[in-house]
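Residue numbers (the working numbering), protein chains in the order written: chain A, 495 to 713; chain B, 495 to 713. Ideal placement from N, C-alpha and C gives every residue a C-beta, glycine not left out. Worksheet: one structure, shown below.
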DNA sequence: TAGATTGTTAATCGATTAACAATC
DNA sequence: TAGATTGTTAATCGATTAACAATC
C-alpha cells in the first residue's frame, strides 16, 4: 500500500507532470495508459513503467483509476500537506513568483519573502505578506519551519544566500540565479536559468539551419 | 574547424552552463578540465567528453584555452549574433522576463511583448518596448523575423498561442504555462513549470524523511 | 467468452565513468 | 626529459522501447 521503494531519477522527474495532467482531468474517472500518455507527451510504455513504481492503480482491460492515481501521485511526491516556502529576492522575478497564484493549488505556501535592498523592505505582496529585510531570513525560516526556499537574487548574491539558507535548515533550493551553487551533500538544488533555456532553443535553431544547408548541398 | 557533428542531447544541455562559467572567468586564459568541471558542477571526465564535440580546444599537459573555448561554445550554440525573441503574456512573469537584463548579454533581444488583456496594452517595458495587443502577434513575428518565443500566459491561453506562433513561423518555444503543448515535429518546446520544480524538491524532502525513518527503525 | 489493457520482462539504446595512451 | 593533462576507448550503468503473458 505504501510502495515508495527507490524511484529512478528520470521517473521522478515525470511524476509531477502526470499529477498535473490528472488534476486537470476533472470528471474523468478512468483512463487508459495510451490516452494519458498522449496527454502527458510520453509513450504509453514509459507511462506504465513509471506508474508501476506507485504500486498498482490500474485494472487490466480497463485502465487507470484517475482519482486513485492522482492521490497516489500526490502521496508519493509528499504533497499531502502544504510545504512552506521562503523566497529570497524581491525584484521583478521574486515578486512575480510570490504573486503566482498556482502555488497553493500545487502544494506550496509562500510564508516569507526577503530582499537585501532596504528600499524594498515593507513593500506588500499577496496574502498579507510584506517584503522583509535579509537580516530576518534565518529567523523566518526557523519560525515557519520552511525547508524549501527559492533564490531569485542577482548572481553575486546567490551563493551567500544559499549558505545562509542551508545553515538555517533549508534542504531544498530552487535557484533562479545564473550560478552553480555549492551546497553540502543531501541538499537538493534545482536550477532554472532563463538564459540557458533560450540558448538551448538557439542551438536547436542552429542545428535546424545546418540541417537545411546540408540537405541543400544534397548529401 | 567547424565540427558541429551530431551532439548528444545530454551534452547539448550542458553546453550553455559551460559557456556561462567560462564567461564569468574574466582574465583567466587557461584552465584544466579538473578546475573547470568543479566550477560547472560536473565530473572532469564528462567535461572532457562533452568538449570533445567542439573539436580540440585544449592542450595536453596544459589545459583549455578559455577565450578560444568560449568562442567555440558560442559558435556551436549559434550565439554569434543576437536572436530576436517575442514574449507572449504581459502579467507578472512576462514583465519580469521582459525586464530581465541578462537577456542581451546571453545572446537574445526582446523585440516584442503582447498581451490578450486590452487594459495591459500600451504599458511600457524596458528598451522602449510597449505591450501590444495579441492581435498584432503574427505581424510582430513577421516583421522581426523572430523564430523563438516565450509563452508566459495562463494555462488556458497557451495552446492557442502556440498554434499562432507556429503558424507565424516560430520554431522554438520556451513555455512557462503549466500545460503540455502540442506542436508539429521540428518545433522545439522547453517547459519551465515552477510547480513541477517545487514538487520535485518536495519529493526529495519526502525521500529524505522516509530515509531517516527507516534508519531509525534500524535496518 | 472475446477484447482490451495493464504490469513486467527482455532487448536495445544512450549516457556516464574509469582508465590510459597520446602528447604538450 | 619528467610531469601534467587532454582526447579517446572500453566498461559500466541506467533509461527507454518493444513485446507479451497475465488478467480484468
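### Query
Nearest to residue 513 of chain B by CA position, among B/572, B/500, B/583, is which residue?
B/572
### Message
Just to confirm the assignment, what range does the beta strand (DSSP E) spanning residue 593 of chain A have?
### Response
Note, residue 593 of chain A: premise wrong, no beta strand (DSSP E); not H, not E.
### Message
Per DSSP, what are the beta-bridge partners of residue 667 of chain B in this structure?
### Response
B/643, B/683
### Message
Across the region 605-615 of chain B and the region 546-559 of chain B, are there enough close Cβ pairs to call them in contact, namely three or more that are closer than 8 Å?
### Response
no
### Query
Which residues share a DSSP beta bridge with residue 606 of chain A?
A/580
### Query
Comparing alpha-carbon positions, which option in A/585, A/655, A/560, A/669 lies nearest residue 618 of chain A?
A/585
### Task
Taking C-beta pairs closer than 9 Å, name the residues in chain B that residue 699 of chain A reaches, listed in chain order.
572, 577, 641, 642, 665, 666, 682
### Message
Under 7 Å, CB to CB, which of the residues in the region 594-608 of chain B have a partner in chain A?
### Response
594, 596, 600, 601, 602
### Query
Touch check for the region 686-704 of chain A and the region 558-571 of chain B: three-plus C-beta pairs under 8 Å?
yes
### Task
With 8 Å as the threshold, decide whether the Cβ of residue 621 of chain B is near any Cβ in chain A.
no
### Message
Taking only three categories from DSSP, how would you classify residue 502 of chain B?
### Response
coil
### Residue span of the beta strand (DSSP E) that contains residue 441 of chain B, given as start and end
This structure cannot speak to residue 441 of chain B, because chain B is shown only from 495 to 713.
### Query
Can you round the beta-carbon distance between residue 690 of chain B and residue 510 of chain A to whole angstroms, since I take them to be within the 8 Å contact cut?
4 Å
### Residue-level contact to chain B via CB, residue 654 of chain A, 8 Å cutoff
no
#### Entry: Three-way DSSP call (helix, strand, coil) for residue 711 of chain B in this model
Bear in mind that the predicted position of residue 711 of chain B carries a pLDDT of just 46, short of 50, making it too unreliable to give a figure here.
### Task
Would you identify the three-state DSSP class for residue 523 of chain B, choosing helix, strand or coil?
coil
### Task
With a threshold of 16 other CB atoms inside 10 Å of the CB of residue 504 of chain A, please say whether the residue is buried or exposed.
exposed
### Inter-residue CB distance, residue 620 of chain B and residue 593 of chain B (contact presumed, cutoff 8 Å)
5 Å
### Message
Given a cut-off of 8 Å on the beta-carbon distance, is the pair residue 535 of chain A and residue 576 of chain A in contact?
### Response
no
### Query
For residue 611 of chain B, which residues does DSSP report across the bridge?
Residue 611 of chain B is not bridged to any residue.
### Message
Helix, strand or coil for residue 626 of chain B? Go by DSSP, reduced to three states.
### Response
strand
### Task
Indicate whether the contact test is met: 3 or more Cβ pairs, each with one atom in the region 560-569 of chain A and one in the region 629-643 of chain A, closer than 8 Å.
no
### Query
Does the distance from the C-beta atom of residue 663 of chain B to that of residue 641 of chain B stay below 8 Å?
yes
### Query
From the DSSP output, which residues share a beta bridge with residue 618 of chain A?
A/624
### Query
What does residue 702 of chain A touch in chain B if you count any residue whose Cβ is under 7 Å from its own?
665
### Task
Assuming residue 646 of chain B and residue 670 of chain B form a contact by the criterion Cβ under 8 Å, report the distance between their Cβ atoms to the nearest whole angstrom.
5 Å
### Query
Where does residue 601 of chain A sit, in a helix, a strand or coil, going by DSSP?
coil
### Query
Relative to chain B, which residues along the region 686-698 of chain A have a C-beta separation below 8 Å, given in chain order?
686, 687, 688, 689, 690, 691, 692, 693, 694, 695, 696, 697, 698
### Message
Just checking: is the beta-carbon of residue 591 of chain A within a distance shorter than 8 Å of some beta-carbon in chain B?
### Response
yes
#### Entry: CB contact check: residue 510 of chain A to chain B, cutoff 8 Å
yes
### Message
Determine, for residue 502 of chain A, whether the minimum Cβ-Cβ distance to residues of chain B falls below 8 Å.
### Response
no
### Three-state secondary structure assigned by DSSP to residue 565 of chain A
helix
### Message
With the cut-off set at 8 Å, would you say residue 684 of chain B and residue 659 of chain B are in Cβ contact?
### Response
no
#### Entry: Coarse secondary structure for residue 705 of chain B, derived from DSSP in three states
helix
### Task
Tell me whether residue 552 of chain A sits in a helix, a strand or coil according to DSSP, three-state version.
strand
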